[in-house]
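Residue numbers (my numbering), protein chains in the order written: chain A, 90 to 350; chain B, 28 to 225.
In this text, a Cβ means the ideal position worked out from N, Cα and C, and glycines have one as well.
The structure presented is a predicted model; accordingly, all values stated were derived computationally and were not measured.
Only one structure is covered here, and it is reproduced in the block below.
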Amino acid sequence: MKHLDDEQLIALYYGDARRPDALRDHLRACSGCRENFSSLQQTLGALKNAPVPERAPDYGSQVWYAIASRLDTPEKQPARRHPVPWGLRRIAWAGALAAIIVAAFLAGRYWPRRPVPTTATNSSQTRQGVLLVAVSDHLDHAQMVLMELANGDSDGSSQKAPRKIDIAMEQERAQQLLVSNRLYEQTARATGDAEIENILSALEPVLLEIAHSPGEISSPQLQQIQDRIRNAGILFKVRVVSSDVRDKERSLARQKNNGQT
Amino acid sequence: MVRMVDRAEDSDAAHVAQTLAGNQEAFRPLVERYSRRLFHLAYRMTGNENDAEDLVQETFLKAYHNLGKFEARSNFWTWLYRICANSSLDQLRKRRAQGELQELDNPDGSLSADNLTNPSPSPERLLLSAEVKQEMEIAIRLLTPVERTAFVLRHHEGLSIEEISEVLGLRIPATKNSVFRGVQKLRRALAPLAGQTR
Numbered sequence: 090m091k092h093l094d095d096e097q098l099i100a101l102y103y104g105d106a107r108r109p110d111a112l113r114d115h116l117r118a119c120s121g122c123r124e125n126f127s128s129l130q131q132t133l134g135a136l137k138n139a140p141v142p143e144r145a146p147d148y149g150s151q152v153w154y155a156i157a158s159r160l161d162t163p164e165k166q167p168a169r170r171h172p173v174p175w176g177l178r179r180i181a182w183a184g185a186l187a188a189i190i191v192a193a194f195l196a197g198r199y200w201p202r203r204p205v206p207t208t209a210t211n212s213s214q215t216r217q218g219v220l221l222v223a224v225s226d227h228l229d230h231a232q233m234v235l236m237e238l239a240n241g242d243s244d245g246s247s248q249k250a251p252r253k254i255d256i257a258m259e260q261e262r263a264q265q266l267l268v269s270n271r272l273y274e275q276t277a278r279a280t281g282d283a284e285i286e287n288i289l290s291a292l293e294p295v296l297l298e299i300a301h302s303p304g305e306i307s308s309p310q311l312q313q314i315q316d317r318i319r320n321a322g323i324l325f326k327v328r329v330v331s332s333d334v335r336d337k338e339r340s341l342a343r344q345k346n347n348g349q350t
Numbered sequence: 028m029v030r031m032v033d034r035a036e037d038s039d040a041a042h043v044a045q046t047l048a049g050n051q052e053a054f055r056p057l058v059e060r061y062s063r064r065l066f067h068l069a070y071r072m073t074g075n076e077n078d079a080e081d082l083v084q085e086t087f088l089k090a091y092h093n094l095g096k097f098e099a100r101s102n103f104w105t106w107l108y109r110i111c112a113n114s115s116l117d118q119l120r121k122r123r124a125q126g127e128l129q130e131l132d133n134p135d136g137s138l139s140a141d142n143l144t145n146p147s148p149s150p151e152r153l154l155l156s157a158e159v160k161q162e163m164e165i166a167i168r169l170l171t172p173v174e175r176t177a178f179v180l181r182h183h184e185g186l187s188i189e190e191i192s193e194v195l196g197l198r199i200p201a202t203k204n205s206v207f208r209g210v211q212k213l214r215r216a217l218a219p220l221a222g223q224t225r
């Protein structure tokens, strides 16, 4: 009997499961899964009960007095016709930020300066830390784009007419990510971080293909992109490196803290 | 989006209209009505009272200054809620970039005895409830800002995956995955305590 995986159990807990009755039947018959589900319920139940500090009954008035002096006339501008999606704006900013971080990082690394050992180590660690956070975020964004495409429904077999799939958002995100990807790759090369350099270099052709695809593609075209993502094992690699980068971030922060104490 | 339809909706729309017409005091009932609810959301998101209070104020200021962009057909609370969730997410990201959300986890994601007593070890044994509470706070800090936001909105606020993806501007599979990863990390981190909470 195949056991239920965490994804199914979590979906069942939140009422999102596709076939909840079948999952419940399985739970009735399988003590291992029942125990696992019960442990999940217990953890999530405990989290739900975590208290939130109460505010005074007049908290709303307090907030009003705190902000009243900072209110001027609200802008009566109409809503944008084509609001840029929140995630896209974030990635656009991430591209600009990448350029700043990389420039600052390289300037700090190569700018001639007098040797002051302790301060130099700290500032080098800080720069390294900022870069790791930035790369980690970059990989998160890339992972999201790849996952959305990899999980996209490319099965057009049930459709009578050829189906078009809108990937304009992913395409635009990939374009933005491409810019920061190149910058981070150059930095990784300059600093000799082969793991980051390799993953960014593997990501580039995939992002390039997505960025250069039309905004609407057919099911076979999506299938082609999905095959490329799958065959290159890129999602798995991104996850692994992303996790390593986070470990480095933590270790660097630990070193920093130990240095401060 | 958030389904919190009540009679307040009509009066919200009226207050918004009056504020837009230049009556600043008309905004006050909206602040008084929703501050506590927003504080709950902001606290769940940040885990810090001061940050949560700042976020509540920031949310109302943003809402006020952008009131012209609010569409009369929409639900004011939903709009406010969205501003607060995104502001909280921005703050989590800033804190992370500044290194404030520190690495309290082991590589395997579980929490150690040291984590429980950080940052100031106490010679006295912590009461179980305090210990559990602290573990939970530490555990939730292991989540990335997006995972944490998605988890809070799903778990504490009861938003559907579709509603969360709308708030976060993510596709549904990515939103599902954020919630899933968040829950998995929390389970791993809280596993050592599972026996004690029984």
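Note the first and the last residue of the continuous alpha helix (DSSP H) segment covering residue i.
i, result
"B/LYS121", "103 to 124"
"A/ASP282", "Taken as a continuous stretch (DSSP letters only), A/ASP282 belongs to no alpha helix (DSSP H), as it is neither H nor E."
"B/GLU85", "76 to 92"
"A/ASN240", "It is not in any alpha helix (DSSP H) - A/ASN240 carries neither H nor E in the DSSP assignment."
"B/ALA177", "172 to 178"
"A/TYR103", "Here A/TYR103 belongs to no alpha helix (DSSP H), and DSSP marks it neither H nor E."
"A/HIS301", "It is not in any alpha helix (DSSP H) - A/HIS301 carries neither H nor E in the DSSP assignment."
"A/GLN151", "148 to 157"
"B/GLU98", "Premise fails: B/GLU98 is in no alpha helix (DSSP H) and is neither H nor E."
"A/CYS122", "120 to 137"
"A/GLY322", "Segment: none, A/GLY322 is in no alpha helix (DSSP H) and carries neither H nor E."
"B/ALA48", "No alpha helix (DSSP H) holds B/ALA48; DSSP gives it neither H nor E."
"B/LEU169", "Run containing B/LEU169: none; DSSP gives neither H nor E here."
"B/SER192", "188 to 195"
"B/PHE207", "199 to 217"
Apply the 10 Å Cβ neighbour rule to residue i and answer buried if 16 or more other Cβ atoms are within range, or exposed otherwise.
i, result
"A/HIS171", "Low confidence applies to A/HIS171: its pLDDT is 38, below 50, so where it sits in the model is not reliable, and the reading given next is rough at best. It is exposed - the Cβ of A/HIS171 has fewer than 16 other Cβ atoms within 10 Å."
"B/GLU184", "buried"
"A/GLU261", "buried"
"A/ASP110", "exposed"
"B/VAL210", "buried"
"A/PHE325", "exposed"
"B/ASN50", "exposed"
"B/ASN204", "buried"
"A/VAL173", "Confidence at A/VAL173 is low in this model, with a pLDDT of 41, below 50, so the placement of that residue is unreliable and no value is reported for it."
"A/GLY281", "exposed"
"A/SER120", "exposed"
"B/LYS121", "exposed"
"B/GLU189", "exposed"
"A/ALA145", "exposed"
"A/GLN130", "exposed"
"B/ALA48", "exposed"
"A/ASP161", "exposed"
"A/ALA283", "exposed"
"B/ASN102", "buried"
"B/THR216", "According to the sequence provided, residue 216 of chain B is Ala. The question's Thr does not apply to it. With 16 or more other Cβ atoms within 10 Å, it is buried."
"A/ILE99", "buried"
"B/GLY74", "buried"
"A/ASP147", "exposed"
What span of residues does the beta strand (DSSP E) with residue i cover, start to end?
i, result
"A/ILE254", "253 to 255"
"A/SER307", "305 to 307"
Under the assumption that residue i contacts residue j (Cβ atoms under 8 Å), give the Cβ distance between them as a whole number of angstroms.
i, j, result
"A/ALA300", "A/LEU267", "5 Å"
"A/VAL327", "A/LEU235", "7 Å"
"B/ALA124", "A/VAL224", "About 12 Å separates the two Cβ atoms, so there is no contact after all."
"A/GLN232", "A/SER302", "The Cβ separation is near 18 Å, so there is no contact."
"A/LEU238", "A/ILE314", "6 Å"
"B/TYR70", "A/VAL334", "Not confirmed; about 30 Å, so no contact."
"A/GLY149", "B/ARG60", "7 Å"
"B/PHE87", "A/ILE156", "5 Å"
"A/LEU297", "A/GLY241", "Not quite, the Cβ-Cβ distance comes to about 18 Å (not below 8 Å), so this is no contact."
**OP:** Could you please tell me which residues of the region 63 to 76 of chain B, in chain order, have their CB closer than 8 Å to any CB of chain A?
**Re:** Residues of the region 63 to 76 of chain B whose Cβ lies closer than 8 Å to any Cβ of chain A, in chain order: ARG63, PHE66, HIS67, TYR70, ARG71, GLU76.
**OP:** Scan the region 205 to 220 of chain B for residues whose Cβ lies nearer than 7 Å to a Cβ of chain A and list them as they occur along the chain.
**Re:** Within the region 205 to 220 of chain B, the residues whose Cβ lies closer than 7 Å to some Cβ of chain A are PHE207, VAL210, GLN211, LEU213, ARG214, LEU217, listed in chain order.
Original post:
According to a CB-to-CB cut-off of less than 9 Å, which residues of the region 258 to 292 of chain A neighbour chain B?
Top reply: Only those residues of the region 258 to 292 of chain A whose C-beta falls short of 9 Å from the nearest C-beta of chain B are listed: MET258, GLU259.
**OP:** Check each residue of the region 221 to 239 of chain A: if its Cβ is closer than 7 Å to any Cβ of chain B, include it; give the result in chain order.
**Re:** If the cut-off is 7 Å between Cβ atoms, the region 221 to 239 of chain A has VAL222, ASP229, MET233, MET236, GLU237 near chain B.
Original post:
Quick one: any contact between the region 79 to 89 of chain B and the region 58 to 66 of chain B, if contact means 3 or more CB pairs under 8 Å?
Top reply: Counting Cβ pairs under 8 Å, three or more are found: they touch.
Original post:
Can you find at least 3 beta carbon pairs, one from the region 117 to 136 of chain A and one from the region 38 to 50 of chain B, that sit closer than 8 Å?
Top reply: With the cut-off at 8 Å, the region 117 to 136 of chain A and the region 38 to 50 of chain B do not touch.
Original post:
Within the chosen definition, does the region 89 to 98 of chain B reach the region 173 to 189 of chain B through at least 3 CB pairs nearer than 8 Å?
Top reply: Too few Cβ pairs lie closer than 8 Å, so no.
Original post:
For the 8 Å Cβ check, are there 3 or more pairs between the region 273 to 284 of chain A and the region 312 to 324 of chain A?
Top reply: Short answer: they don't touch.
Subject >> Interfacial residues, the region 138 to 158 of chain A to chain B, with Cβ spacing under 7 Å >> reply: If the cut-off is 7 Å between Cβ atoms, the region 138 to 158 of chain A has ALA139, VAL141, PRO142, ARG144, TYR148, GLY149, SER150, VAL152, TRP153, ALA155, ILE156 near chain B.
**OP:** Taking only beta carbons into account, state which residues of the region 86 to 109 of chain B come closer than 7 Å to chain A, listed in chain order.
**Re:** If the cut-off is 7 Å between Cβ atoms, the region 86 to 109 of chain B has PHE87, LEU88, TYR91, HIS92, ASN93, LEU94, GLY95, LYS96, GLU98 near chain A.
**OP:** Check distances from the C-beta atoms of the region 91 to 113 of chain A to those of chain B and list, in chain order, the residues that come in under 7 Å.
**Re:** Result list: ASP95, GLU96, ILE99, TYR103, ASP105.
Original post:
Contact between the region 92 to 108 of chain A and the region 117 to 128 of chain A: three or more CB pairs below 8 Å?
Top reply: A contact exists between the region 92 to 108 of chain A and the region 117 to 128 of chain A.
**OP:** Closer than 8 Å, Cβ to Cβ, to anything on chain B: give me those residues from the region 118 to 137 of chain A, in chain order.
**Re:** If the cut-off is 8 Å between Cβ atoms, the region 118 to 137 of chain A has SER128, LEU129, GLN131, THR132, LEU133, ALA135, LEU136, LYS137 near chain B.
**OP:** Below 8 Å between beta carbons is the criterion; list the residues of the region 38 to 63 of chain B that meet it against any residue of chain A, in chain order.
**Re:** Those would be THR46, LEU47, GLY49, GLN51, PHE54, ARG55, VAL58, GLU59, ARG60, TYR61, SER62, ARG63, in chain order.
**OP:** Note down, in chain order, all residues in the region 295 to 309 of chain A with a beta-carbon under 9 Å from any beta-carbon belonging to chain B.
**Re:** Per Cβ criterion, the list is empty.
Subject >> chain A contacts made by the region 168 to 181 of chain B, where a contact means CB separation under 8 Å >> reply: Answer in chain order: THR171, VAL173, ARG181.
Subject >> Members of the region 310 to 334 of chain A near chain B, C-beta cut-off 8 Å >> reply: Under the 8 Å Cβ criterion, the region 310 to 334 of chain A contributes no residue.
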